[in-house]
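Taking it in order: structure first as structure tokens, then the write-up.
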Amino acid sequence: MDISLSILPVECVILLAPRVLPSVWPVRRAGLFFVLLIRVMDRSASIGQPPCETVTRVDDSNLATLLFNGGSENDYDDVNRFLPGYVTDHRMLLHRNIWFPNHIETPERLSSILNLCDQQGLFERMKKIPSRLASLEEIELFHSKEYVQHVASFEAMATDELQKASSIYDSVYACQHSFTAARLAVGSLLNATEAVLMKRCVNAIALVRPPGHHAMLDAANGFCLFNNVGIAAAHALNAFRLDRILIVDWDVHYGQGIQQKFIHSKQILCVSIHRHEFGSFWPHMPESDWSNIGQDDGLGFNVNVPLNVRGLGDADYLAIFHHILLPLAIEFQPQLILVSAGFDAAVGCPEGEMLLSPRIFAHFTKMLASVASGRLVISLEGGYCIPSLSWSVSCVVRALLNDPIPKLAGLNVPVNPYVVDAMLSLARRLKPYWKCMGNLLSAVNATMTRANQKPLTAHDSVFSAKRTDQTEAACSTILETGHVSNQDHLTNVISDIEKLQLHASKNGISTRGRVDLRVDMVAQPYGDFDVDRLAVFLPEKHWRDAFLIQSTLANVSTFRTRKKDFSRCIKEVEDFAQSLLNGVSVCGCLITEHCVTNFWNMEREVSATLANSTACNVLFVCLSSAMVRVERRSVGQLKVTSVAIPFIHDATRVNHNILDETIVHPDCYNVDLLWSVPNPTTADRLFIFLHFLLPYVTAISPELVILNVDLDHPNAKHLAPSLLSFIVSNFLTLANSRLLVSANVPTVSYPDKYIKSSLTALLSALAGCDMPVDTLLSNKLSNYSITMVAELVYQLRTVLPTLQSVLLPVSLIDGLPVDMNLWFGRMHRPRPLKILHDYFCKHLKLNRADLISYRTWSTKTPCKICSNRLGNWVCLICSEVFCDSSVNSHREQHREMQRNHNFFVNVTESSVYCYLCSAECGYRSY
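Sequential numbering from 1 applies to the sequence shown in full-length UniProt numbering.
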């Protein structure tokens, strides 16, 4: 048996069955192997192995000897090439302002980062990339020769000459060491880029200064001498012949240097999220607005998201990532992602005046990594509040190491209307060039139509986007409590992260990521069971040796009853969930037989058990269902959110159990919708995930996520492994990465290739190795998925303000949006959830049999008058079906003729329209 060592962690022991475990796993087929990975506590033999450029394959007879004894130098692939890399150089600390020592771009910016990461032991877990001086030829890939020579002349200048030479530029200083430091910054980033592209490491960060994204062709600008990221992009195009490079600039200042260089190129997609304030914020450039989308061949490849208000928080930036950046990145399919990572939008920075928590940058990094396939390079730019800067960078480094992503809170709040206006204006401008932007606008218009509002036209704005005294006053109020002037707020934010890292260290999970894999299968007495097909062989391109897969083979018997199987599976999930909550494992995967699981029964049983645990917010997600269901209920003190999305459509999984406790608590709600997307494509599933599922699960901030995937269903083959990997990777940003994936696999007669690909996708994503996303947009998006997202957002509009504010923009009152004051007053406090409908109808009682009967009737019967089949309502008096005001208003016409027909039920929305209440209400089942 040939096994590539690159697919196996060097901290693992491989046991071969049936020779090792003949009594544990009944095997009826000779020569059957099962690979069991068990953690070895002693890591000394796996560290410090010298590089080896070729993958060594060994015979299984020598495998155990090699692993127990450490092997020879040539027996292992280079372990470090599966680690993230970092590069820095202490000589860059020599760059300083001589005539104004208190300048905010100070050497302490870099030294504080290095000290904190070193104290946390982060660097020792990464591959050190050597730094170097960039050659003049490399710098001239971006800058003019005359300008490079001018900067080189700084080395021989006196202090007064340096001050005079710097004064000709905007916001620039230099000293005798500046040229060397700038060359080191460029050369270090070039080395990091080359290391990633040559697969010497997986992702990398360059901790360099001076920053670079403002530097232009022949001019220094904004503390920047050479454009580090711009030179790296030009070098990648020139030396590696890349066709598609994505540059993401999340620095709070507009990076004009990069955009000016590549504004004519379609090979570089530049996305910049920056403070603009209608041109009043530095660098005061009109081209930093959303209307500047490139020129000539580069039309559509220059993307600006201008932020026209101060005090923005995590929810605002996440909306931009979910609805703009991630869709663009997936459609662009970059071969390399470069990040101009400025941290001046973090809380406390006097330059940015924003309120981003340091941990949000870990989320940014993880989301970009999910589409980068190991080709993500991050370069330090701005950030001038030392505490928030150093902690923000440490969070980014931990994300690169696939440590648990810190949980965010307070995300279920309205997105700032100025941000929404910029997003939708940008989407309209980019619509001719990017399908995903047209799809976003279609979802907005479909949601507004569903809410009986006029769809946005090409010239509409969400509201009057202009500066007002009220806006300025509200911003000032926010910054008084969240700005650097209030050190208590900054101290609290940093303290939260310190406590989180300390807790992780005490539980022993900060130094190594770990995927806990558990297998619970039974050999069927009626046929052969190919256990070797279940063995997880991860290709080297999807695996990183720095992370463990700790596998446990559950005790099984040859013959068990179905009831015992179900009880055993529930117990396994409960134990698994407790181990995640207690910090024993970071994340995990439970592989079971298809016959032992039922999602809704499992959800009820596990919720009842977890009600006695320390968790207070648990999320269950099922990708196999017959209909869409979103439910939030209370079990004691535990809040349970369940989402069923038929990415794998299973007509047999219909849940008719509407429990009383799901709708009697004011924080609870229930929405059922028919799955109206026939033959969904990967593009349909991706659209629903990006614009509904991911924002929704992010907003509720769970403490534990349990994801159920039925790989046994015949329709499972339509769920692309790359999409499965993308979903799992982004779910790891939730709940401190406490994610349990329950995968149901068949016991016999299953397609070997698909099951192996799907399990590889699941486990590699859990281990931090994301699959390429080049197949996610291979199909056309259908209008049905757009309508489905619109209906979901409309139904959840009162409990999901973060999505409602984007896809159902607020109307105007005196030039300001209705929710503007609500946004200005939120200050990181989550708004309390409201019931889906304002109150229950007190005039109507439905029993469960009636409810099921009307569900079947309304979904199959057209409107009596116009034959419309969408959004219909059943009259509970005469049982006739009529369309509502969004179609032809035949429900209202029927009510006018029959004045005593006061109740109409739309069971796909779990709601009743009561004419006695004059409102759409919730209903109780009896």
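Beta carbons: idealized from backbone N, C-alpha and C, even for Gly. This one's a predicted model, so the numbers in the text were calculated from it and none came from an experiment.
Integer-rounded CB distance, given that residue j should sit under 8 Å from residue i
| i | j | result |
| --- | --- | --- |
| alanine 362 | valine 396 | 6 Å |
| aspartate 650 | serine 782 | Rounded, the Cβ-Cβ distance is 20 Å, inconsistent with contact. |
| alanine 185 | proline 210 | 6 Å |
| cysteine 622 | asparagine 708 | 5 Å |
| threonine 447 | tyrosine 794 | 6 Å |
| serine 757 | proline 721 | 4 Å |
| leucine 217 | lysine 261 | 7 Å |
| isoleucine 205 | threonine 733 | Contact doesn't hold; Cβ gap of about 18 Å is too wide. |
Coil, strand or helix - residue i by DSSP
| i | result |
| --- | --- |
| glycine 85 | strand |
| asparagine 902 | coil |
| phenylalanine 142 | coil |
| cysteine 914 | strand |
| leucine 368 | helix |
| alanine 206 | strand |
| serine 634 | strand |
| isoleucine 324 | helix |
| tyrosine 254 | coil |
| tryptophan 99 | coil |
| lysine 266 | coil |
| asparagine 346 | The sequence shown places alanine at residue 346, rather than the asparagine named in the question. Correct three-state label for alanine 346: strand. |
| phenylalanine 647 | strand |
| glutamate 73 | Low confidence applies here, because glutamate 73 scores a pLDDT of 34, under 50, leaving its location unreliable and the question unanswered by this model. |
| leucine 32 | With a pLDDT of 27 at leucine 32, under the threshold of 50, the modelled position of this residue cannot be trusted; read the value that follows with caution. It is coil, neither helix nor strand. |
| aspartate 60 | The pLDDT assigned to aspartate 60 is 29, lower than 50, so where the model puts this residue is not dependable; a value taken from the coordinates is nonetheless given after this. Of the three classes helix, strand and coil, the one that applies to aspartate 60 here is helix, per DSSP. |
| histidine 363 | helix |
| asparagine 888 | coil |
| isoleucine 386 | helix |
| phenylalanine 68 | Caution applies to phenylalanine 68, whose pLDDT of 26 falls short of 50 and renders its modelled position unreliable; the value that the coordinates give is listed next. Of the three classes helix, strand and coil, the one that applies to phenylalanine 68 here is helix, per DSSP. |
| lysine 756 | helix |
| isoleucine 330 | helix |
| threonine 159 | helix |
| aspartate 774 | coil |
| valine 393 | helix |
| asparagine 670 | strand |
| leucine 246 | strand |
Whether residue i touches residue j by CB criterion (8 Å)
| i | j | result |
| --- | --- | --- |
| serine 291 | tyrosine 254 | no |
| valine 773 | glutamine 333 | yes |
| alanine 315 | threonine 802 | yes |
| arginine 632 | tyrosine 669 | yes |
| alanine 158 | serine 166 | no |
| glutamate 351 | glycine 382 | yes |
| leucine 796 | valine 671 | yes |
| cysteine 589 | leucine 711 | no |
| leucine 237 | leucine 114 | no |
| glutamine 256 | cysteine 270 | no |
| proline 130 | glycine 222 | no |
| valine 377 | threonine 193 | yes |
| glutamate 703 | valine 643 | no |
Where the beta strand (DSSP E) containing residue i begins and where it ends
| i | result |
| --- | --- |
| cysteine 883 | 881-883 |
| phenylalanine 154 | Premise fails: phenylalanine 154 is in no beta strand (DSSP E) and is neither H nor E. |
| alanine 767 | Counting along the chain, alanine 767 falls outside any beta strand (DSSP E), and DSSP gives it neither H nor E. |
| cysteine 875 | 872-875 |
| valine 303 | 302-307 |
| isoleucine 378 | 376-380 |
| serine 442 | Here serine 442 belongs to no beta strand (DSSP E); instead the alpha helix (DSSP H) covers 435-450. |
Residue i: first and last residue of the uninterrupted alpha helix (DSSP H) it sits in
| i | result |
| --- | --- |
| valine 420 | 417-430 |
| leucine 338 | Taken as a continuous stretch (DSSP letters only), leucine 338 belongs to no alpha helix (DSSP H), being part of the beta strand (DSSP E) at 336-341. |
| tyrosine 794 | 783-795 |
| phenylalanine 179 | 178-197 |
| isoleucine 113 | 108-119 |
| leucine 803 | 801-807 |
### Length-filtered (4 minimum) alpha helix (DSSP H) runs lying within the stretch 213-244
Those alpha helix (DSSP H) runs which fall completely within the stretch 213-244 and span 4+ residues are 228-240.
### Query
What are the complete beta strand (DSSP E) segments, minimum 3 residues, inside the stretch 559-628?
DSSP runs (the beta strand (DSSP E)) wholly in the stretch 559-628: 587-593, 617-625.
### Every unbroken alpha helix (DSSP H) inside the stretch 673-752 [4 residues or more]
If we require 4 residues or more, the alpha helix (DSSP H) runs fully inside the stretch 673-752 come out as 682-688, 694-699, 721-731.
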